[in-house]
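Protein sequences appear in the order of chains A and B.
Each step along the first sequence adds one to the number in the UniProt record's numbering, with nothing skipped, and position 155 is 155.
Each step along the second sequence adds one to the number in the UniProt record's numbering, with nothing skipped, and position 41 is 41.
Yeah, the Cβ is synthetic: ideal placement off N, Cα and C, and Gly gets one too.
On a predicted model such as this, the values are computed, not experimentally measured, just so you know.
Data block below; observations after.
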Amino acid sequence: MAVFSRGFGARRRESDPRLPPGQYITEDFPVLSAGPTPRIDTAEWSFDIRSESGAVTSWSWDQFMALPIEDVATDIHCVTRWSKLGTSWRGVSIDTLLEHVDSDADYSMVHSYGGYTTNVPMEDLRDGRAWVAFEFDGEPLDPEHGGPARLLVPHLYFWKSAKWVRGLTLMGDDAPGFWEQNGYNMHGDPWTEERYW
Amino acid sequence: MIVGDWRAARVVDVSDATATARVLRVTVPGWPGSDPGQHVDIRLTAEDGYQAVRSYSLGSYGADDTIELAVDEIPEGEVSPYLVRDVRPGDELEVKGPLGGYFVWRAGGVDPVQLIAGGSGIVPLMAMARARTDAATGAPFRLLYSVRTGGDAIYRDELGMLSESGGVAVTWAYTRAAPPGWDGRVGRLDRAGIEAAIWSTDRMPAVYVCGPTGFVEHVADTLVELGHDARRIKTERFGGA
Ligand SMILES: Cc1cc2nc3c(=O)[nH]c(=O)nc-3n(C[C@H](O)[C@H](O)[C@H](O)COP(=O)(O)OP(=O)(O)OC[C@H]3O[C@@H](n4cnc5c(N)ncnc54)[C@H](O)[C@@H]3O)c2cc1C
Numbered sequence: 001m002a003v004f005s006r007g008f009g010a011r012r013r014e015s016d017p018r019l020p021p022g023q024y025i026t027e028d029f030p031v032l033s034a035g036p037t038p039r040i041d042t043a044e045w046s047f048d049i050r051s052e053s054g055a056v057t058s059w060s061w062d063q064f065m066a067l068p069i070e071d072v073a074t075d076i077h078c079v080t081r082w083s084k085l086g087t088s089w090r091g092v093s094i095d096t097l098l099e100h101v102d103s104d105a106d107y108s109m110v111h112s113y114g115g116y117t118t119n120v121p122m123e124d125l126r127d128g129r130a131w132v133a134f135e136f137d138g139e140p141l142d143p144e145h146g147g148p149a150r151l152l153v154p155h156l157y158f159w160k161s162a163k164w165v166r167g168l169t170l171m172g173d174d175a176p177g178f179w180e181q182n183g184y185n186m187h188g189d190p191w192t193e194e195r196y197w
Numbered sequence: 001m002i003v004g005d006w007r008a009a010r011v012v013d014v015s016d017a018t019a020t021a022r023v024l025r026v027t028v029p030g031w032p033g034s035d036p037g038q039h040v041d042i043r044l045t046a047e048d049g050y051q052a053v054r055s056y057s058l059g060s061y062g063a064d065d066t067i068e069l070a071v072d073e074i075p076e077g078e079v080s081p082y083l084v085r086d087v088r089p090g091d092e093l094e095v096k097g098p099l100g101g102y103f104v105w106r107a108g109g110v111d112p113v114q115l116i117a118g119g120s121g122i123v124p125l126m127a128m129a130r131a132r133t134d135a136a137t138g139a140p141f142r143l144l145y146s147v148r149t150g151g152d153a154i155y156r157d158e159l160g161m162l163s164e165s166g167g168v169a170v171t172w173a174y175t176r177a178a179p180p181g182w183d184g185r186v187g188r189l190d191r192a193g194i195e196a197a198i199w200s201t202d203r204m205p206a207v208y209v210c211g212p213t214g215f216v217e218h219v220a221d222t223l224v225e226l227g228h229d230a231r232r233i234k235t236e237r238f239g240g241a
């Protein structure tokens, strides 16, 4: 039985069908991360995919920028309950990167500069559902939002969209990443509120 | 970390902490206890079923089933004005938690600990300072607390007592106006001010930084510039500017 909070509700926000349950709209772009913001020079940046056989496919920044680039317009949803509607990004689709990789793996561990990790099933990365993004709102991605590049998996809670991304390790079995070891859900679907364990 | 389902809870005490912030004590039957630094989700339900949820840090820690929150009002906000102005003892809400297994301090370590708070960011750090004080021995603690004016400090009296009785050494920073008799600088924390107030890098402190996003970004960047190991700096950002 729900508990009612006397007198609450006067300042309610409008609801919107684009909002998953328990989310509210923000116009800002809040920043949430576990430690200081890493500053990564694109001259030192690389993106590596290690497949389950141990083979590594690697792109420098210049090689990465020569790949086909896509525009992505999407809503994003943070597990701390803010959602931002209609954001625009540019990046390289994970499908494009995986064309160069031989793998049957079902899971991946995403690695970031600074040591952050998060696990994402491959089916959530394939078929036009995920990108490595380097532009937000027409500008290079700010370091505090994950620049020079972050993963973008907009259909999952945003902690899966790892900032300062540096690569993927493809795996046969699922394993928890940083926040997942600290209590967050292994998958993170905002529409079913997969927030915590 | 324990999450659990929503638990019905009752506000048992409210007290003003500053002109814009209030400390709430809330009894949560079945509360499993928490570590210093954890937070909860608070769910409010209007009479027509409309709900809103926000996260609030715990100023309390341990097994007592009465938990403590300290909420600062965001004037344009939906939830904080209700918690700061409207809620009364006897009112009901729901609590999920405790949440968060990362931004926590557990008694027992001997490494020096540096706490750095801006505004309501003091709340989880207060739980750590209380835990350190209760433990009576162990890691040496310092706290750097940045507030607009002396009157904006949540837990001002208790922090003054901690500072005098040892255990946690408190340094204040005032960004707008200092109390009478203050001979320090007034303004946003700068590199020199941070460096002078905190453990030096050779002590290799564990650092906890909490407050509004801009504050945390600025302080954490400065710590890294000063040579502190990024892996030893834990941050919690409360959103907002
Ligand atoms: C882990 C965690 C712990 C937290 N602990 C505390 C706590 O102990 N005490 C506390 O007072 N708050 C705490 N917060 C912030 C709290 O969850 C709410 O964000 C805050 O109370 C505002 O909620 P609201 O509904 O009033 O405003 P909203 O309706 O959510 O927002 C109103 C506007 O204010 C902006 N805004 C939101 N939060 C802030 C902020 N903190 N500063 C400036 N602008 C903001 C929003 O972007 C929005 O534009 C915590 C947040 C997190 C994530």
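Test item: CB-CB of residue i and residue j under 9 Å
i                      : j        : result
A:Val72                : A:Trp89  : yes
B:Gly160               : B:Thr18  : no
A:Ile76                : A:Trp164 : no
B:Glu94                : B:Ile42  : yes
residue 257 of chain B : A:Pro30  : For residue 257 of chain B there is no data in the structure shown, the boundaries of chain B being 1 and 241.
B:Ser57                : B:Leu44  : no
A:Arg11                : B:Glu78  : yes
A:Gln23                : A:Pro154 : no
B:Leu223               : B:Val168 : no
A:Val92                : A:Val120 : no
B:Ala177               : B:Gly184 : no
B:Gly119               : B:Pro29  : no
A:Asp102               : A:Arg126 : no
B:Tyr102               : A:Asn185 : no
A:Arg166               : A:Ser46  : yes
A:Phe134               : A:Pro148 : yes
A:Thr57                : A:Ile69  : no
Local conformation of residue i per DSSP, three classes
i        : result
A:Thr118 : strand
B:Thr45  : strand
A:Tyr196 : strand
B:Gln38  : coil
A:His77  : strand
B:Ala135 : helix
A:Pro17  : coil
A:Tyr184 : strand
B:Trp105 : coil
B:Gly77  : coil
B:Ala192 : helix
B:Val14  : strand
B:Trp199 : coil
B:Trp172 : strand
B:Ala241 : Reliability of the predicted coordinates at B:Ala241 is poor, the pLDDT of 48 falling under 50, and the value obtained from them is presented with this limitation in mind. DSSP places B:Ala241 in coil when its eight states are reduced to three.
B:Tyr208 : strand
B:Gly227 : coil
B:Ala220 : helix
A:Trp191 : helix
Environment of residue i [buried if 16+ CB atoms lie within 10 Å]
i        : result
B:Arg7   : buried
B:Asp105 : According to the sequence provided, residue 105 of chain B is Trp. The question's Asp does not apply to it. Buried, by the Cβ-count rule.
B:Glu164 : exposed
A:Glu14  : exposed
B:His228 : buried
B:Leu226 : exposed
B:Ala241 : Unreliable positioning characterises B:Ala241 in this predicted model, as indicated by a pLDDT of 48, which lies under 50. A coordinate reading is not provided.
B:Asp48  : exposed
B:Thr137 : exposed
B:Gly109 : exposed
A:Ser108 : buried
B:Arg132 : buried
Partners in chain A for residue i, counting only beta-carbon separations shorter than 7 Å
i        : result
B:Glu68  : Neighbours of B:Glu68 on chain A: none; closest Cβ ~18 Å, over 7 Å.
B:Gly101 : Asn182, Gly183
B:Val53  : Gly22, Arg81
Where residue i meets chain B, residues with beta-carbon distance less than 7 Å
i        : result
A:Ser175 : In the sequence as displayed, the identity of residue 175 of chain A is Ala instead of Ser. The contacting residues do not exist; A:Ala175 stays about 17 Å from chain B at best.
A:Arg18  : In chain order: nothing, as chain B lies at least about 17 Å away.
A:Arg166 : By Cβ distance, chain B contributes nothing, its closest Cβ being about 15 Å from A:Arg166, past 7 Å.
Cross-strand partners of residue i (DSSP beta bridge)
i        : result
B:Leu93  : B:Ala9
A:Met109 : A:Asn119, A:Thr169
B:Ile116 : B:Leu144, B:Val209
Neighbour list for residue i in chain B, Cβ cutoff strictly below 8 Å
i       : result
A:Pro30 : Thr213, Arg237, Gly239, Gly240
Chain A contact residues for residue i, given Cβ-Cβ distances below 9 Å
i        : result
B:Gly45  : As written in the sequence, residue 45 of chain B is Thr, which differs from the Gly given in the question. Neighbours of B:Thr45 on chain A, chain order: Ala2, Val3, Phe4, Ser5, Phe8, Gly9.
B:Arg106 : Simply none; closest approach about 14 Å.
B:Ile74  : Ordered by position in chain A, no residue passes the 9 Å Cβ test against B:Ile74, which lies about 11 Å from the chain.
B:Tyr82  : Ser5, Gly7, Phe8, Gly9, Ala10, Arg11
beta-carbon residue i near ligand 2 non-hydrogen atom, thresh 8 Å
i        : result
B:Pro124 : Here the bound small molecules are ligand 1; ligand 2 is not part of this structure.
Closer than 9 Å at the beta carbon, the chain B residues around residue i
i        : result
A:Ala162 : Ordered by position in chain B, no residue passes the 9 Å Cβ test against A:Ala162, which lies about 16 Å from the chain.
A:Pro121 : Result: empty, since nearest Cβ-Cβ is about 22 Å, beyond 9 Å.
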